[in-house]
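K.L.:
Okay, so the sequence shown: first residue is 1 according to full-length UniProt numbering, each after it adds one.
Don't be surprised by glycine CBs; every beta carbon is placed ideally from N, CA and C.
All figures in this text were calculated on a predicted structure; none of them were measured in a lab.
Once you've had a glance at the structure underneath, I'll fire off some questions.
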Amino acid sequence: MSEPSELEAQLVRSSPVEPSTLTNETDTDVPAKQHPKHRACNECRQQKLKCNLVNAEDPDSGVCSRCNKLGLVCRIDESFKRTRKRRRSQDLEREIEELKHRLSTYTSMDSSQWTLTASTSPRGSAMPRLLSRGSIPVSQLQTGNPGPSATTVPGGISPETSEVSVLGVTTVPESMSPSAGRSPVVHTAIAQTLGNIELQSQEIDELFQIYFSTYHPFLPFLNPAKSPNRCGNESPILFWMIIAVAARRLSTNPTLLTRLARSVPELIWKGAQALPHTLGLIQGLVLACAWPFPTSSSTTDPSYMYAGLMVQAALQMGLHRPSNPDDFTKYHSRLSPEQVKERRDTWIACNVVAQYVSLGTGLSTPAQLRDPSLIPPPQLQDTHDRALFFMLECAAALGQISATLAYDPATSSASFSSSASAASSAALSHELATLEVKMNPSSSYTLLYLLSAKFCLATFSLFDNPISSTYIHRIATLYSTACAVIEHIQTSSNESLSTNLLDNLPFFFYQVFLCASCVLLKVLKNDYFSSIFDTASGTRLLNSAISALRKMSVANNDLPGRLNDVLAYLWTHPRPSLVSGPGLGGLQLKVRTRMSMSIVYDCLWTWREQFQREQDGHDATRPQNETTDYVDGNFGIDPQLSAEELANLFQYDMGGDWFL
1 MSEPSELEAQ LVRSSPVEPS TLTNETDTDV PAKQHPKHRA CNECRQQKLK
51 CNLVNAEDPD SGVCSRCNKL GLVCRIDESF KRTRKRRRSQ DLEREIEELK
101 HRLSTYTSMD SSQWTLTAST SPRGSAMPRL LSRGSIPVSQ LQTGNPGPSA
151 TTVPGGISPE TSEVSVLGVT TVPESMSPSA GRSPVVHTAI AQTLGNIELQ
201 SQEIDELFQI YFSTYHPFLP FLNPAKSPNR CGNESPILFW MIIAVAARRL
251 STNPTLLTRL ARSVPELIWK GAQALPHTLG LIQGLVLACA WPFPTSSSTT
301 DPSYMYAGLM VQAALQMGLH RPSNPDDFTK YHSRLSPEQV KERRDTWIAC
351 NVVAQYVSLG TGLSTPAQLR DPSLIPPPQL QDTHDRALFF MLECAAALGQ
401 ISATLAYDPA TSSASFSSSA SAASSAALSH ELATLEVKMN PSSSYTLLYL
451 LSAKFCLATF SLFDNPISST YIHRIATLYS TACAVIEHIQ TSSNESLSTN
501 LLDNLPFFFY QVFLCASCVL LKVLKNDYFS SIFDTASGTR LLNSAISALR
551 KMSVANNDLP GRLNDVLAYL WTHPRPSLVS GPGLGGLQLK VRTRMSMSIV
601 YDCLWTWREQ FQREQDGHDA TRPQNETTDY VDGNFGIDPQ LSAEELANLF
651 QYDMGGDWFL
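This is the structure in C-alpha cells:
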C-alpha cells in the first residue's frame, strides 16, 4: 500500500487540479489539462521577433506588448505566410512598369472613350491598377449621378469585384469595358481656377462651344473632339487661351476678358521660360497672336514677339518633322496618326499666323515657309485640311510678295520701282490668280486670306514712280482691291453665317482692314484720283469702314477704338492736302519702310503732326465755325464729328506713341 500513496503524493505536487478531486479509484477517466501553446502573432512572425502573447487561442487574452505599442492588429492566422520584403518590392516594381506601359497606350485616346473604375484590395495597397470590371462612366462621376448598378461604398471601393486589386480609382478605355455600349459618356467639364478667376463646368462648356463654332473656322488647326478636361490636363496655357478668345464678345460675363488679360500672359511667359517647351504652349501662342488681348498701344502688343517665339520653339521641338520626334528628343516615342496630324497642323498654323502677323506689323517674317514639310499632299479629303493648306499657300504667296517687293530707301532706286517692280508684280499676280482657282468659293474665311494677299501685292504700287506708264493702272487696282476687302468683311458680317466676320476677326485681318481704309482715305482726298474714281460709292464705303472699326473694338480705349477716331479725324479735316498732296504724285508716302503697312503709319504720323500743330495754335488754315457732315445715315456714324470734338480725346495721348 505504500507504493500507491507515494504515487498520489507526486500527482498532487505536479498537477494544478485540487486534491479533493482525486480518488483512490484507478479506473478514473478525467484527463489532466495540457500546457497552453505559445505562438507568435502575424506581425511578430513577419519581423522574426519574440512575441509575448499570453494565449493565442483565447481572444480575450489581449495583445502582445509590441502590437500594443505600435497600434498593430495582433492576431494569428493559420494561413499566414511570411513575405520577403525584396520579393514584394520586385512585385510592386513590375506592377508599376505594367501601369506605365498601359498608360502610354491609352494616352493618345480621346477622353470620351475613358471610364473610371473603382476596386479594392485585401492588402490595402495604394498602387493603382487598370481594370475592366466595375467601370463607371466619367459623366456619372462628374455630375454625381450614379449609374444603373452603382452602389454606395466608402473610399470609392467596388464591392462586386472579386479580383485582387487596389484601393482607389483608375481609368480605362471605354472600349475595353463590357458595359461600354450601355451608358454613353457625356463631356462635362470640371471647374477650373486661375488666380482669382474661377469658372464652373457649364461656363467652360459654353466657352469651348463658342470658340469652336465662332473662331475655329478662321484657323482650323485644333481638334474639336478634344474635351475641355483633357485640354486642361494636357496644357493649361492652351485651355485658358481658348477661354480668353471665346470671352472676347461674351455678354454674360463682360469682365472675364479683362481679368484674363492680367493672368493668362503671365501663364504664357512662365511656360516660355520652362524648358523643354510643350505642344500646348505653341498652340496657345498661335491663339495669342491671332486674337491678342486688347491694348491701347501697338508698342505694348507682344504678338510679333510671340510669333518669333512660337516658330523657334516649334523648330526646337521638331514640329517641322512631325513624323520623326525621336530626332529631337533623348528617348524613343511612338506617335499615333492623330498625334502626327496634330503636330503637322500646329506647325502649319505657326507659319500662317507668323506670316500674317508680319503683314499686320509691316516687319519681316520669322515664318519658315520654304520648309519641305509645308508642301501640301496631293490628296486632301478633310475639309479642314483643305482649308488649312489653302491658308498656308496664301501665306507662302504673301511671304514671296514681301520678300520680292520690300522697299528700302537706302538701296532702292526709282528705276527699280518703275520697271522691275512692275514686272515682279505681274508675275506674282499671276501666281495669285492660279491660287484662286484652287479656292473653295463658298468659304468666306479662305477668301479673306486670298484677298489679304492680293491687297498686300497692290499696296506696293504706292512705292512706284508716278511718271511710270503703269502707275495709274496699278493705283486703280489698289483702290479696287481695298474696296473688295472692306466689302467682303462687311457683306459676310451681314449675312446669316455661323460667325460674324466683323466681330471675330483675327487681329491681323483688322490691321488689313485698317490699311484698306487708309487707302480709300488717301485716294479720295487726292484731287487727281478722286476725279477718276466713283467718289460717291467710295465715300459711303469709307464711312461704313469707320463705323466697322468701332464695332471691332472689344474693350474701352483699345487700338480699334482709338484708330477709328484718328481715321475719322483725318477724314473730316477740311484741308484735303493734309492727307494727300495735289496732282498725280500726291499719293507718295513719307513712311516707306513698313512694307504694306507703310500707308497706315504715314497717316498716323500725319495725324500726330497736325494735331500737335493745332494744340500749339499754329494751324491758321482751318475755319473757326466750319462743320462737316460726312455721314450717310444708313451707316450709323455720329454726325458733326470734327477736330474740336476729338481734341479732348487725344490730348492726353500726345505725349505717347500708342499708335506706332
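Of the residues M552, N504, L199, A482, which one's Cα is nearest the Cα of L524?
P.N.:
Here residue 524 refers to the residue found at position 524 when the sequence shown is read from its first residue. Ranking M552, N504, L199, A482 by Cα distance to L524 puts A482 first.
K.L.:
Would you say A516 and I486 are within 7 angstroms of each other, going by their C-beta atoms?
P.N.:
Reading the sequence shown from its first residue, position 516 is the one you call residue 516. Reading the sequence shown from its first residue, position 486 is the one you call residue 486. Their beta carbons are under 7 angstroms apart, which means A516 touches I486 by this criterion.
K.L.:
Pull up the distance between the alpha-carbon of P576 and that of F513, whole angstroms please.
P.N.:
Counting from 1 along the sequence shown, the entry for residue 576 is found at position 576. Counting from 1 along the sequence shown, the entry for residue 513 is found at position 513. If I take the Cα positions, the gap works out to 22 angstroms.
K.L.:
Considering only C-alpha positions, which residue in the set T434, F390, G318 is nearest to D327?
P.N.:
Stepping through the sequence shown from its first residue, residue 327 is reached at position 327. Checking every option, the nearest Cα to that of D327 belongs to G318.
K.L.:
Return the CA-CA distance between Y445 and R613, expressed in angstroms with no decimal places.
P.N.:
Looking up residue 445 in the sequence shown gives position 445. Looking up residue 613 in the sequence shown gives position 613. In a straight line, the C-alpha of Y445 is about 43 angstroms away from that of R613.
K.L.:
Let me know the secondary structure DSSP gives A369 once reduced to three states.
P.N.:
For the purposes of this step, residue 369 is identified with residue 369 of the sequence shown, where counting begins at 1. A small correction: the amino acid at residue 369 is Leu; Ala does not occupy that position in the sequence shown. Reduced to three states, the DSSP call for L369 is coil.
K.L.:
Once the 5 residues before and after L285 are set aside, which same chain residues still bring their CB inside 6 angstroms of it?
P.N.:
As a position in the sequence shown, residue 285 is number 285, starting the count at 1. Only Y306, M310 meet the Cβ criterion.
K.L.:
Nearest by alpha-carbon distance to Y510: which of S461, S553, L462 is it?
P.N.:
Start at 1 with the first residue of the sequence shown, and residue 510 comes out as number 510. Minimum Cα distance to Y510 is reached at S553.
K.L.:
Can you tell me which of the three DSSP states E78 falls into?
P.N.:
Here the question's residue 78 lines up with position 78 in the sequence shown. In this structure, E78 counts as coil in the three-state DSSP scheme.
K.L.:
Quick one: give me the first and last residue of the beta strand (DSSP E) that Q192 is part of.
P.N.:
Stepping through the sequence shown from its first residue, residue 192 is reached at position 192. Where Q192 is concerned, the enclosing beta strand (DSSP E) stretches over 192 to 194.
K.L.:
Between the Cα of P506 and the Cα atoms of S530, L478, Y449, which residue gives the shortest distance?
P.N.:
The sequence position of residue 506 within the sequence shown is 506, counting from 1. Of S530, L478, Y449, the residue nearest in Cα terms is Y449.
K.L.:
Is I197 helix, strand or coil when you go by DSSP?
P.N.:
Here residue 197 refers to the residue found at position 197 when the sequence shown is read from its first residue. DSSP places I197 in strand when its eight states are reduced to three.
K.L.:
Tell me the rounded alpha-carbon separation between P366 and G280.
P.N.:
Locating residue 366 in the sequence shown gives position 366, where the first residue counts as 1. Locating residue 280 in the sequence shown gives position 280, where the first residue counts as 1. Approximately 20 angstroms between the Cα atoms of the pair.
K.L.:
Which term fits residue 712, buried or exposed, when burial requires 16 or more other beta carbons within 10 angstroms of its beta carbon?
P.N.:
Nothing in the structure corresponds to residue 712, since the chain is present only between 1 and 660.
K.L.:
Alpha carbon to alpha carbon, how far is N440 from P217?
P.N.:
Your numbering for residue 440 matches position 440 in the sequence shown. Your numbering for residue 217 matches position 217 in the sequence shown. Answer to the nearest angstrom: the Cα atoms are 14 angstroms apart.
K.L.:
At a cut of 8 angstroms, does the region 588 to 602 reach the region 359 to 375 through at least three beta carbon pairs?
P.N.:
At 8 angstroms Cβ cutoff, the stretches touch.
K.L.:
To the nearest angstrom, how far is it from the Cα of S298 to the Cα of D558?
P.N.:
Position 298 of the sequence shown holds residue 298. Position 558 of the sequence shown holds residue 558. Rounded to whole angstroms, S298 to D558 spans 10 angstroms at the Cα level.
K.L.:
Pick out whichever of A288, L72, Y601 has its Cα sitting closest to the Cα of C350.
P.N.:
Reading the sequence shown from its first residue, position 350 is the one you call residue 350. For the residues A288, L72, Y601, the minimum Cα distance to C350 belongs to A288.
K.L.:
Alpha carbon to alpha carbon, how far is D534 from K522?
P.N.:
Counting from 1 along the sequence shown, the entry for residue 534 is found at position 534. Counting from 1 along the sequence shown, the entry for residue 522 is found at position 522. Roughly 14 angstroms between the two C-alpha positions.
K.L.:
Using only the alpha-carbon positions, how far apart do residue 679 and T193 sit?
P.N.:
The structure shown does not extend to residue 679, since the chain spans only 1 to 660, so no value can be given for it.
K.L.:
Helix, strand or coil for A395? Go by DSSP, reduced to three states.
P.N.:
What you label residue 395 is simply residue 395 of the sequence shown in a count that begins at 1. Three-state result, A395: helix.
K.L.:
Quick one: measure Cβ to Cβ for P325 and S333, integer angstroms, because I've assumed they're closer than 8 angstroms.
P.N.:
Along the sequence shown, one-based indexing puts residue 325 at 325. Along the sequence shown, one-based indexing puts residue 333 at 333. So it is a contact: roughly 5 angstroms between Cβ atoms.
K.L.:
Starting from I237, trace the alpha helix (DSSP H) both ways and give me its first and last residue.
P.N.:
Locating residue 237 in the sequence shown gives position 237, counting from the first residue. 236 to 246 is the extent of the alpha helix (DSSP H) around I237.
K.L.:
Check the C-beta distance from R248 over to L238 and give it rounded, since I have them as a contact under 8 angstroms.
P.N.:
Locating residue 248 in the sequence shown gives position 248, counting from the first residue. Locating residue 238 in the sequence shown gives position 238, counting from the first residue. About 17 angstroms separates the two Cβ atoms, so there is no contact after all.
K.L.:
Going by C-alpha to C-alpha distance, which of V73, V600, H320 sits closest to C518?
P.N.:
For the purposes of this step, residue 518 is taken as the residue at position 518 of the sequence shown. Ranking V73, V600, H320 by Cα distance to C518 puts V600 first.
K.L.:
Quick check: the Cα distance between T214 and N543, rounded to an integer number of angstroms?
P.N.:
Counting from 1 along the sequence shown, the entry for residue 214 is found at position 214. Counting from 1 along the sequence shown, the entry for residue 543 is found at position 543. In a straight line, the C-alpha of T214 is about 27 angstroms away from that of N543.
K.L.:
State the Cα-Cα distance for the pair F611 and K551, rounded to the nearest angstrom.
P.N.:
Walking along the sequence shown from the start, residue 611 turns up at place 611. Walking along the sequence shown from the start, residue 551 turns up at place 551. Going by the C-alpha atoms only, they are around 25 angstroms apart.
K.L.:
What are the start and end residues of the alpha helix (DSSP H) that includes A426?
P.N.:
Taking the first residue of the sequence shown as position 1, residue 426 is located at position 426. Start and end: 421 to 438.
K.L.:
Looking at C-alpha atoms only, which residue of L501, H488, A423 is the closest neighbour of Y471?
P.N.:
Your numbering for residue 471 matches position 471 in the sequence shown. Y471 has its Cα closest to that of A423, out of L501, H488, A423.
K.L.:
State the CB to CB distance for the pair D382 and S421, rounded to an integer number of angstroms; the pair is presumed to be in contact (CB under 8 angstroms).
P.N.:
To locate residue 382, count along the sequence shown from 1; it is residue 382. To locate residue 421, count along the sequence shown from 1; it is residue 421. About 39 angstroms separates the two Cβ atoms, so there is no contact after all.
K.L.:
Tell me which residues share the same chain as Y528 and place their Cβ nearer than 8 angstroms to its Cβ, disregarding the 5 neighbours each side in the sequence.
P.N.:
Position 528 of the sequence shown holds residue 528. If we look at Y528 and ignore the five residues flanking it on each side, its Cβ neighbours are P582, G583, L584, G586.
K.L.:
I think P220 touches H384, with their Cβ atoms under 8 angstroms apart; what is that distance to the nearest whole Å?
P.N.:
As a first step, residue 220 must be located in the sequence shown, where it is residue number 220. As a first step, residue 384 must be located in the sequence shown, where it is residue number 384. Indeed they touch by this definition, with Cβ atoms about 4 angstroms apart.
K.L.:
Spatial neighbours of W605 within its chain, please: C-beta separation below 8 angstroms, excluding the five flanking residues on both sides.
P.N.:
Position 605 of the sequence shown, counting from 1, holds the residue named residue 605. Answer for W605: K590, V591, listed in chain order.
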